[in-house]
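Visitor: Quick one: the structure is below, and I'll ask about it shortly.
Protein chains: 2
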Amino acid sequence: MSKNKATIYDIAKELAVTPSTVSRALSNHPRISTKTKEAVKVIAERLNYQHNGIAAALRSGKTHIIGVMIPTVNRSFFSSVIRGIEQVARQAGYNVMITQSNDLEEIERSNIEAMLKTQVDGVIASIARDTTNYSHYQRIISEKIPLVLFDRVTEISNASTVVIDDYLGAYKATEHLINQGFKRIAHFGGKAHLNIYKYRKRGYQEALEANGIAFDESLVYNSNVQLEDGRIGMEHLLQLANPPDAIFAASDYSAIGAMQVLKERNIKVPDEIALVGFADESFAAFVEPQLTSVNQMSEQMGQFAAKIFLEQIKSEATLFIPTKTVLTPQLVVRSSSKKP
Amino acid sequence: MSKNKATIYDIAKELAVTPSTVSRALSNHPRISTKTKEAVKVIAERLNYQHNGIAAALRSGKTHIIGVMIPTVNRSFFSSVIRGIEQVARQAGYNVMITQSNDLEEIERSNIEAMLKTQVDGVIASIARDTTNYSHYQRIISEKIPLVLFDRVTEISNASTVVIDDYLGAYKATEHLINQGFKRIAHFGGKAHLNIYKYRKRGYQEALEANGIAFDESLVYNSNVQLEDGRIGMEHLLQLANPPDAIFAASDYSAIGAMQVLKERNIKVPDEIALVGFADESFAAFVEPQLTSVNQMSEQMGQFAAKIFLEQIKSEATLFIPTKTVLTPQLVVRSSSKKP
DNA sequence: TAGATTTGTGCAACCGATTGCTTAAAAGGA
DNA sequence: TCCTTTTAAGCAATCGGTTGCACAAATCTA
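Residue numbers (the numbering used here), protein chains in the order written: chain U, 24 to 363; chain S, 24 to 363.
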C-alpha cells in the first residue's frame, strides 16, 4: 500500500526535470523530445501515476463531464438514448452524469442547478412533461454551456436539437392502419404544448386526409398518455355512437391501457379494434397480441446528441451555429394491427 | 452578461477583507462575526456568486460525487434503486454519476476506471452477470473509497452490502403456489455463481420440502433468465413425461417467455400452468394474465445503500465496519398464479 | 563563421477555495 | 490600570496541473 498518489512532481523529481516538462510530455506536446516523453512514460507507469482530473479541471475549466437530464431512466427509449450518448462520449474522454426529472419542472430546475454546480461541460436533455417555463434552460445557455435537447424539445435559441420526425412516424402508423383496411381510426394524443404530440397528431390527420378519410375531432382523445389515460380514453371511445375500429396512440403506455380494457370486454384485437403505439417500449413485444409501434431510433438519437455536443465543444471560440437534426422513425409491425 | 464568474476574491475585494474571511463566512465558521457573515451573504447574492466545487475538490480531495454502476438502467428494479439513491444523496449534497456495465465484465472494469479518474467519493454498485474476477472492485477498496454493493453482491472485504432476502422471497412465492393447490412446481433458475439465484433456488426447494413435496431436480431449468431462456425452458418442461403445473421463475423476463410459449400452444395460465416471476418489473402488470411477482423493495434498497455510504464517509478516520443489510421482499399476487 | 531559426526545458503565475498559524483588537478579570 | 482571554480576521501555503514567456543550446542559412 503505497497510497498518497503520485503526481507529476514525483515524476519530475525522479527525472530531474520540472513538472511543466512532465505535464507537456504526458500531453504529448510537440516541443518535448521523444526521449523525454518516453522516460516520463516509464516513470509514470512505475509510480502508478494517475492524471488528476480535478486539478486539470480547475486550471482549464473543463470537467469532461456531460450532464444528461431525462424524465425517467426507466423507459426503454431513454435508457437506449443514454447508451448511445455513453458510447460516443466515452470514446471522446467524457463522462456522463445522469439525472432524472420525474417529469417535474421543479426537480428539473434543481437538477440543472446541481449540474451547473458540478460544472459540467455540456448538457443533453429531454424536457419534462410538466415544464412550461424554460428559464432554467436559458441559464445553461447564458453560462455559455452547450445545450443539446432531444425528443422533447422546445424553441431555445442557441440550443441544438435532435428529434425524430414525429410527423412521419405518425403518418406511417396511420397509413399502415388504413392499408390494413381500417376505416374509423381514432387517436390518443398527448398534451399539445409538447411538439412531439403536436406533430404526431398532424401526421395522423394528414395521413387520413391523404387517403380520403375525413378527420373527425371526436375520435381524438388527449391526455398524459399513461396507461390509465389509455384505459379512460378507450372507455370513452367505446361509448361513442359510432366507435372506432382502430386507434393510433401517441404512446405505448396508453395503447396498453386500451388493450387491457378491450380484453376485459372481450373485444378482439386487432379483429374488432386494432392498436398501434409509439416508442416501441420493450414490453410492446411481451403483450398479447404483440403491439405494433413506432421505433424512435433511440440509440442513434443519443449518439447524435453526443456528437453534436462534441462538435459544439470543438468550435468553442469560433462562432457556433445550433444544429437541428431530424431522424427517421421506423414502424415495427406486429400483430395488434394486422387485419386478419 | 457579466460572465467571468464571481469568486471569493471578488467578494473579498468589495468588503475589503481577505478571501479567507469570505471562505469562512460562507461555510459558517464560528470565528467569523455575524455582521461579516451577513455582509458576505449580501455581496455574494449581488455578484451571483457560485461556489466552485472543483477548487474545493482539489483542496479537500472530495468531489461530492457518488459513482453508481449497474448492469442496465432499463429495468424497473435498477431505475428505482437509482431513484432511492438519488433522493438520499441529493439531500446530503452529493451528486450521482451513473454508469452501466451492460452485464459485461470488461465494461465494468472500464467504468470503474472512469469513476476513479473522476475521483468519486464512493461507489455503489451491482455486479455484472458476466463478472467472475473481482479485482477491479478490490481496486476501489485499496484506494480507500467506500464501496457499497447491492442486490448482486459478492464477498469483498470492507465492502458493505444491501440485499433483499432472496431466500425468503422465493420461499413465499413457492409457498403461495402450493397454497393455491399446485403440486408440481418447476423452477427457472439463474447462474449459480450469483448468490441471488442460489438463494432463490434454495428458498424454492425448502418451501417445497417444508410442505411435503419432494424436490425434483428435473424440474429445475437454469439459464440467464432472459425472455428467450424462458421460452426454451418452457419448451423443455413441456416435453417432460410429467410436466409441471406451475413455475416459479427467478426473473420476470423468463416468466414472460414461458407465458408466450404457453399462449402459443393454447395452454391456459394459470388454469393449466401457473406462473410466478421475480422482480416485479413494470410490465408484470401489463401482460395478460397479469404476472404474480416478488417485489424487491428497490427504492428502499437505494436509500439504504446511499445512507450506508454517507455513514461510511462520516466515519472516515474512525475505523469503519462494513455493514450487511437485508431487506424483506414482498410477494405481489396477481392472476397468473391463482387457482381458478 | 556570424546571424537567424528551431528545439527542448525551465520559471513562475494561475485556477479558486481551504486552513493552520499569527496577530491585532476587544472584552474580562484582579 | 495592567494583564489574561476571547474574538475576529489576516497571512501564506497548499491541492496538482497547465501554459505564456524566457532562455540556452543546437541546427540551419548564407
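Backbone N, C-alpha and C fix where the C-beta goes; we use that ideal spot for every residue, glycine too.
As the structure is a prediction and not an experimental result, all values here were calculated from the model.
#1: Could you compute how far the alpha carbon of U/M120 sits from the alpha carbon of U/D294?
#2: Helix, strand or coil for U/Y160 per DSSP?
#3: Once DSSP output is grouped into helix, strand and coil, what is the label at U/K347?
#4: Are there three or more Cβ pairs, one per stretch, closer than 8 Å when the region 210-223 of chain U is compared with the region 185-196 of chain U?
#5: So, at 8 Å on beta carbons, what are the nonlocal neighbours of U/S25 in its own chain, with the 5 sequence-adjacent residues on each side left out?
#6: Taking Cβ-Cβ distances below 7 Å as the criterion, which residues of the region 242-275 of chain U are in contact with chain S?
#7: What do you get for S/S246, buried or exposed, if any count of 16 or more other CB atoms within 10 angstroms of its CB means buried?
#8: Tell me S/S316's beta-bridge partners as DSSP assigns them.
#9: U/T141 touches chain S at which residues, Cβ-Cβ below 8 Å?
#10: I'd like to confirm the pairing. Which residues does DSSP put opposite S/T155 in its beta bridges?
#11: Any Cβ of chain U within less than 7 Å of the Cβ of S/K64?
#12: Going along the region 297-318 of chain U in order, which residues come within less than 8 Å of chain S, judged by CB to CB distance?
#13: Using a beta-carbon distance below 7 Å, is S/K337 in contact with chain U?
#14: What is the residue span of the alpha helix (DSSP H) that U/N134 lies within?
#15: Quick one: give me the first and last residue of the alpha helix (DSSP H) that U/I255 is part of.
#16: Mind listing the chain S neighbours of U/K286? Cutoff is C-beta to C-beta under 7 Å, in chain order.
#17: Based on DSSP bridge pairs, tell me the residues matched to U/G226.
#18: Suppose the cutoff is 7 Å on Cβ atoms and the five residues either side in sequence are ignored; what does the same chain contact list for S/Y157 look like?
#19: Give a yes or no on whether the minimum CB-CB distance between S/V146 and chain U is below 7 Å.
#20: If we count the other Cβ atoms within 10 Å of its Cβ and call it buried at 16 or more, is U/L298 buried or exposed?
#21: According to DSSP, what are the bridge partners of U/S43?
#22: So S/V292 contacts chain U; which residues on that side make the cut at Cβ distance below 9 Å?
#23: At least one CB of chain U closer than 7 Å to the CB of S/A328: is that the case?
#24: Anything in chain U within Cβ reach of S/R106, meaning under 9 Å, just list it in chain order.
#25: Skipping 5 residues on each side, what residues in its chain have a beta carbon closer than 8 Å to that of S/V111?
#26: Just to confirm my understanding: we take S/T348, look at its own chain, exclude 5 residues before and 5 after, and list those with CB closer than 8 Å. What are they?
#27: Would you mind sorting U/S50 into buried or exposed? The rule is 16 or more other CB atoms within 10 Å of its CB.
#28: Report the residues of the region 27-45 of chain U with a CB closer than 8 Å to any CB of chain S, ordered along the chain.
#29: I'd like the span of the alpha helix (DSSP H) that includes S/L242, first residue to last.
#30: Just verifying my parser: in three-state terms, what is the DSSP assignment at U/M24?
#31: My understanding is that S/F301 touches S/S316, with C-beta atoms under 8 Å, so please give their C-beta distance in whole angstroms.
#32: Starting from the Cα of U/A209, find the closest Cα among U/E128, U/L261 and U/I89 and give me that residue.
#33: Within the continuous beta strand (DSSP E) that includes S/F271, where are the two ends?
#34: Between the C-alpha atoms of U/K214 and U/A151, what's the straight-line distance to the nearest angstrom?
#35: Tell me, please, which residues DSSP counts as bridged to S/I89.
#36: Under 8 Å by Cβ, that's how I've got S/L285 and S/M320 pegged, so tell me the actual separation to the nearest angstrom.
Guide: This is what the structure gives:
#1: Taking the first residue of the first sequence as 1, we reach residue 120 of chain U at position 97. Taking the first residue of the first sequence as 1, we reach residue 294 of chain U at position 271. Roughly 46 Å separates the two Cα atoms.
#2: On the first sequence, residue 160 of chain U is found 137 positions in, with the first residue counted as 1. U/Y160 falls in the helix class under three-state DSSP.
#3: By one-based count along the first sequence, residue 347 of chain U stands at place 324. U/K347 falls in the strand class under three-state DSSP.
#4: yes
#5: Position 2 of the first sequence, counted from the start, is the residue given in the question as residue 25 of chain U. Model confidence at U/S25 stands at a pLDDT of 38, short of 50, so the residue's coordinates are unreliable and nothing is read from them.
#6: none
#7: In the second sequence, residue 246 of chain S corresponds to position 223, counting from 1. Buried, since its Cβ has 16 or more Cβ neighbours within 10 Å.
#8: Within the second sequence, residue 316 of chain S is the residue found at index 293, counting from 1. DSSP lists S/V355 as partners of S/S316.
#9: Indexing the first sequence from 1 puts residue 141 of chain U at position 118. Chain S residues near U/T141: G76, I88 and N118.
#10: For this step, residue 155 of chain S is matched to residue 132 along the second sequence. Beta-bridge pairing links S/T155 to no other residue.
#11: Reading the second sequence from its first residue, position 41 is the one you call residue 64 of chain S. With 7 Å as the cut-off, S/K64 does not count as an interface residue toward chain U.
#12: S305, F306, F309, V310 and E311
#13: Counting from one through the second sequence, the residue named residue 337 of chain S turns up at place 314. Answer no: the Cβ-Cβ gap between S/K337 and chain U never drops below 7 Å.
#14: In the first sequence, counting from the first residue as 1, residue 134 of chain U sits at position 111. Unbroken alpha helix (DSSP H) run through U/N134: E128 to T141.
#15: If you number the first sequence from 1, residue 255 of chain U lands on position 232. First-last of the alpha helix (DSSP H) with U/I255: L250 to L261.
#16: Against the first sequence, residue 286 of chain U aligns to sequence position 263. Simply E311.
#17: Position 203 of the first sequence holds residue 226 of chain U. Partner(s): none; U/G226 has no beta bridge.
#18: The residue given as residue 157 of chain S occupies position 134 in the second sequence. Cβ within range, chain order: T177 and I179.
#19: Reading the second sequence from its first residue, position 123 is the one you call residue 146 of chain S. No - not a single Cβ of chain U is within 7 Å of the one on S/V146.
#20: Here residue 298 of chain U refers to the residue found at position 275 when the first sequence is read from its first residue. Classification of U/L298: buried, given that the 10 Å Cβ count is 16 or more.
#21: As a first step, residue 43 of chain U must be located in the first sequence, where it is residue number 20. Its beta-bridge partners do not exist; DSSP assigns none.
#22: Numbered from 1 along the second sequence, position 269 holds the residue referred to as residue 292 of chain S. In chain order: nothing, as chain U lies at least about 11 Å away.
#23: By one-based count along the second sequence, residue 328 of chain S stands at place 305. No - not a single Cβ of chain U is within 7 Å of the one on S/A328.
#24: Working through the second sequence from its first residue, we reach residue 106 of chain S at position 83. Residues of chain U passing the Cβ test: T95, V96, N97, Q123 and N125.
#25: Here the question's residue 111 of chain S lines up with position 88 in the second sequence. Answer for S/V111: G325, Q326, A329, K330 and L333, listed in chain order.
#26: As a working note, residue 348 of chain S is residue 325 in the second sequence. Around S/T348: S183, T184, V185, V186, F327 and I331.
#27: Within the first sequence, residue 50 of chain U is the residue found at index 27, counting from 1. Exposed.
#28: none
#29: For the purposes of this step, residue 242 of chain S is taken as residue 219 along the second sequence, with counting starting at 1. Where S/L242 is concerned, there is no enclosing alpha helix (DSSP H), given that its DSSP letter is neither H nor E.
#30: Position 1 of the first sequence holds residue 24 of chain U. Reliability fails at U/M24, whose pLDDT of 33 lies under 50, so the model's placement of it is uncertain and the value that follows must be treated cautiously. Of the three classes helix, strand and coil, the one that applies to U/M24 here is coil, per DSSP.
#31: By 1-based counting over the second sequence, the position of residue 301 of chain S is 278. By 1-based counting over the second sequence, the position of residue 316 of chain S is 293. 6 Å between Cβ atoms; contact.
#32: Here the question's residue 209 of chain U lines up with position 186 in the first sequence. It is U/L261 whose Cα lies nearest to the Cα of U/A209.
#33: Residue 271 of chain S sits at position 248 when you count from the first residue of the second sequence. Run containing S/F271: A269 to A272, per the beta strand (DSSP E) assignment.
#34: For the purposes of this step, residue 214 of chain U is taken as residue 191 along the first sequence, with counting starting at 1. For the purposes of this step, residue 151 of chain U is taken as residue 128 along the first sequence, with counting starting at 1. Cα-Cα distance, rounded: 12 Å.
#35: For the purposes of this step, residue 89 of chain S is identified with residue 66 of the second sequence, where counting begins at 1. Per DSSP, S/V119 and S/G145.
#36: The count along the second sequence starts at 1 and reaches residue 285 of chain S at position 262. The count along the second sequence starts at 1 and reaches residue 320 of chain S at position 297. Incorrect: roughly 29 Å between the Cβ atoms, too far for contact.
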